[in-house]
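The structure appears right after this line, and notes come after that.
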Amino acid sequence: MLRDFGVKVTGVDFSQEVINANRLRHPEIQWECVDALNLARHFEPNYFDAIVGKTLIDCFMTRTDAAGSIRQLMQQCHTVLKDHGCVMLLDKACAESIIGRGKARQITVEMHKTMTFRILHVIPRWRPHTQDSAPCQRQWELEIEPSLQKHFVVRPAAAGSGSLQVWSTDNVANMAGVETGDIVLGYRKSGCKTMSVGSATETARAIRTSNKKLTLLMERPAAGASRRKTVSLKTRLMSRQSTSQSDSWRESWQL
1 MLRDFGVKVT GVDFSQEVIN ANRLRHPEIQ WECVDALNLA RHFEPNYFDA IVGKTLIDCF
61 MTRTDAAGSI RQLMQQCHTV LKDHGCVMLL DKACAESIIG RGKARQITVE MHKTMTFRIL
121 HVIPRWRPHT QDSAPCQRQW ELEIEPSLQK HFVVRPAAAG SGSLQVWSTD NVANMAGVET
181 GDIVLGYRKS GCKTMSVGSA TETARAIRTS NKKLTLLMER PAAGASRRKT VSLKTRLMSR
241 QSTSQSDSWR ESWQL
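Counting in full-length UniProt numbering, the sequence shown runs from 1 upward without gaps.
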């Protein structure tokens, strides 16, 4: 795709088999069998305008020397990048295990040379899903009015995840784009530029108390066992709730 836009592209992988296969699929692109930890041995300094790494961090996180490998990767990228060049890393690794959740930090890759990191969430254009529309994206930003909070209930997702799970919804919430089983990853208050990610308590409080528009960072889990499990668990707990006469217990599940 980048090549079709007129960009000069070089494909790199440490596996010669992968390189051979890609040369057959896209012979018009330059392919090089290179270890990402040794980029400077194969490319001149200031060679690239940008580097896109897919699942590189995920691979390095499995190594016993993960921290050293990631730092070496950054050093190599810094060497072969032009001034003000950028590196885009596409990974599933937890952000806090790399640079700190939701924060920008700098790392010294060489003496007096630093790289600035920022976590970027994929925010596709999104519309409520209908039978005539294409399937919705997995992650998106959703702006909600204060009045919408009473139309859905959330509770903490997996312990320690820092996110919320939508527990129940009605038709109003569904029309606004919120469905049971959705995950709320974070929020941004009206007028703020920074998305607060990583605290289920703060996110729940913001949803409950905000009297202005609120932007939520949402994620929709893939259909399947995980969503069926959510619905089953919700049914059991709602059944317990209906037989309980304790107001305090019932309120504990509300925002």
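Where is the CB? At the ideal position from N, CA and C, for every residue including glycine.
Chain-order list of residues whose beta-carbon lies under 8 Å from that of residue i (same chain, five-residue window excluded)
i    : result
Q76  : A36, L37, N38, L39, A40
R205 : none
I19  : G11, D13, W31, E32, C33
DSSP state of residue i mapped onto helix, strand, coil
i           : result
C86         : strand
R220        : coil
G186        : strand
K234        : For K234, the predicted structure reports a pLDDT of 47, less than 50, and the residue's modelled location is therefore unreliable. A value from the coordinates is still provided. Residue state, collapsed to three classes: helix.
A225        : Summary for A225: the model assigns pLDDT 42, below 50, so the residue's position carries little reliability; its value from the coordinates is reported in the next sentence. Correct three-state label for A225: helix.
C192        : coil
E28         : coil
A14         : Before going on, a small fix: residue 14 reads as Phe here, not Ala. In this structure, F14 counts as coil in the three-state DSSP scheme.
P146        : helix
V166        : strand
V178        : coil
C77         : helix
F48         : strand
F5          : helix
D35         : coil
residue 256 : This structure leaves residue 256 out entirely; the chain is present only between 1 and 255.
T215        : strand
Anticipated Cβ contact below 8 Å, residue i with residue j, distance rounded
i   : j   : result
E32 : T10 : 6 Å
L24 : T55 : Between T55 and L24 the Cβ distance is about 22 Å, and since that is not below 8 Å, they are no contact.
Residue of the options minimising C-alpha distance to residue i
i    : options              : result
T201 : D65, V80, H78, P156  : P156
K213 : L73, E143, S15, L2   : E143
K8   : A21, V154, I207, Y47 : Y47
V154 : Q16, W140, V178      : V178
P45  : D83, R208, I207      : D83
R3   : Q16, H26, G53, I207  : H26
8 Å Cβ cutoff met for residue i and residue j
i    : j    : result
V87  : F43  : no
L185 : V197 : yes
M195 : L217 : yes
P146 : S210 : yes
A50  : G85  : yes
G181 : P221 : yes
E141 : I183 : no
Cβ neighbours of residue i in the same chain (closer than 7 Å, five flanking residues each side left out)
i    : result
D170 : H151
A173 : L148, H151, F152
Q72  : L37
S199 : G162
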